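Engineer: Using the working numbering, the first residue of the sequence shown is number 1, and each one after it goes up by one.
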Amino acid sequence: MSKPHSESPPESTIAPAPSLRRVRIEHFDEKNFQQLQAEYQSNAPFPYLVIDNFLTTEAAEALEREVSLHSEGWINYHHFNEKKRGFNQLEAMSPSTRAVLGELQSADFLNLIEQLTGIDGLVADPDMDGGGFHEMKRDGFLNVHVDFLAHTIQKHWSRQINLLLYLNRDWKDEYNGHLELWDANVSRCAARVRPDFNRCVIFHTAKKSFHGVPEKILCPPDRSRKSLALYYFKDEQKNCAITSTNYRPRPQDTPAQRALIAADRGILRMYSYWKRYFGVSESKLTKILKVFFR
Numbered sequence: 001m002s003k004p005h006s007e008s009p010p011e012s013t014i015a016p017a018p019s020l021r022r023v024r025i026e027h028f029d030e031k032n033f034q035q036l037q038a039e040y041q042s043n044a045p046f047p048y049l050v051i052d053n054f055l056t057t058e059a060a061e062a063l064e065r066e067v068s069l070h071s072e073g074w075i076n077y078h079h080f081n082e083k084k085r086g087f088n089q090l091e092a093m094s095p096s097t098r099a100v101l102g103e104l105q106s107a108d109f110l111n112l113i114e115q116l117t118g119i120d121g122l123v124a125d126p127d128m129d130g131g132g133f134h135e136m137k138r139d140g141f142l143n144v145h146v147d148f149l150a151h152t153i154q155k156h157w158s159r160q161i162n163l164l165l166y167l168n169r170d171w172k173d174e175y176n177g178h179l180e181l182w183d184a185n186v187s188r189c190a191a192r193v194r195p196d197f198n199r200c201v202i203f204h205t206a207k208k209s210f211h212g213v214p215e216k217i218l219c220p221p222d223r224s225r226k227s228l229a230l231y232y233f234k235d236e237q238k239n240c241a242i243t244s245t246n247y248r249p250r251p252q253d254t255p256a257q258r259a260l261i262a263a264d265r266g267i268l269r270m271y272s273y274w275k276r277y278f279g280v281s282e283s284k285l286t287k288i289l290k291v292f293f294r
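1) My assumption, with CB atoms under 8 Å, is that L228 sits in contact with F133. Please give the rounded CB distance.
2) Buried or exposed for P255, going by 16 or more other Cβ atoms inside 10 Å?
3) Please check the pair I217 and D139, which I expect to be a contact at CB under 8 Å, by giving their CB distance rounded to whole angstroms.
4) Would a C-beta distance cut-off of 9 Å place N198 and F54 closer than the cut-off?
5) Please report the straight-line C-alpha distance between K31 and K137, rounded to a whole angstrom.
6) What residues are listed by DSSP as bridge partners for H178?
7) Are L110 and V123 closer than 9 Å when you measure CB to CB?
8) What residues are listed by DSSP as bridge partners for K234?
9) Return the CA-CA distance between H5 and G118, expressed in angstroms with no decimal places.
10) Less than 8 Å between the CB atoms is what I'm expecting for D173 and R194, so what's the real figure, rounded?
11) Based on Cα-Cα distance, which residue from R85, G102 and S209 lies nearest to R22?
12) Over the uninterrupted beta strand (DSSP E) stretch that includes N143, give me the two end residues.
13) Are the CB atoms of R250 and V146 within a distance shorter than 9 Å?
14) Could you give the DSSP three-state label for V50: helix, strand or coil?
15) For the alpha helix (DSSP H) that I113 lies in, which residues bound it at each end?
16) Spell out the partners DSSP gives V67 in its beta bridges.
17) List the endpoints of the continuous alpha helix (DSSP H) containing K31.
18) Mind checking who V213 pairs with in its DSSP beta bridge?
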């Protein structure tokens, strides 16, 4: 797979930004930042980066607590290609959590991500459409896919970067839950990332950025796989073609599984149109999918 940016990473001009108090700014000092740029551009199967101890411990712990604070307001993503739930109601979150999210959507942080990835003009999504907190309980999963490449509401926005921050203490390999990065043909898993506490994964979202959590979670019943997902876009100043999540089968999937993956993908494509042009909600989508895949 060819890299989306063939040019060399830009010269690093990083200085600690006053507004970035919760991101561990030492990751982004002059020496470390140049190394991060090089790693991001050279990693395969597509540009990505793993940063441990991404936030201050206090900030990461605040996010971890937030997941358990809410008994209502979750969106259940339960259909053939995934089993998880999400929470993105910013107004219901604690002040400490809103402060972390504000920092990760700030102009200073966007500047860091632009210099890291070589992508100019990034914008954060204040509505966290499809993002926010994600949780997979035992038997949860997310099939291999490429995310929607255009914002479903902001018609001029193309999706460029995913930031995933994991919030799981003492996660064991036998629990599964690894983020898998697959090659362009979905023939081989090229990299696996365990969802350890305060570990951040940043990667470029493109037509061949296949990833997922396809193995069912096997953690104890009283535990879950928790993460924060933020997506960054670019204003293309023109309508971007609507796309839906592009799920793909793995080599070991059976013909029946492949057919159901394709059927589910087709329904999601219709939903993307309904959401952009008719305002269909996530909760209504879940009800529709349950009819087909219960």
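We put the CB at the ideal spot given by N, CA and C, even for glycine.
Everything numeric in this text was worked out from a predicted model, so none of it was measured.
Structural biologist: Straight from the coordinates:
1) 6 Å
2) Counting Cβ neighbours within 10 Å, P255 comes out exposed, since fewer than 16 surround it.
3) 6 Å
4) yes
5) If I take the Cα positions, the gap works out to 39 Å.
6) In the DSSP output, where bridge partners are listed per residue, H178 has none listed.
7) yes
8) K234 pairs with L122 and S158.
9) Confidence in H5 is poor, its pLDDT being 42 and thus under 50, which makes the residue's placement unreliable; the coordinate value appears in the next sentence. The straight-line gap from Cα to Cα measures roughly 7 Å.
10) A Cβ-Cβ separation of about 7 Å places D173 in contact with R194 under the 8 Å criterion.
11) G102
12) F141 to V146
13) no
14) strand
15) A107 to T117
16) In DSSP, V67 forms no bridge with anything.
17) From DSSP, the alpha helix (DSSP H) with K31 extends over E30 to S42.
18) L142
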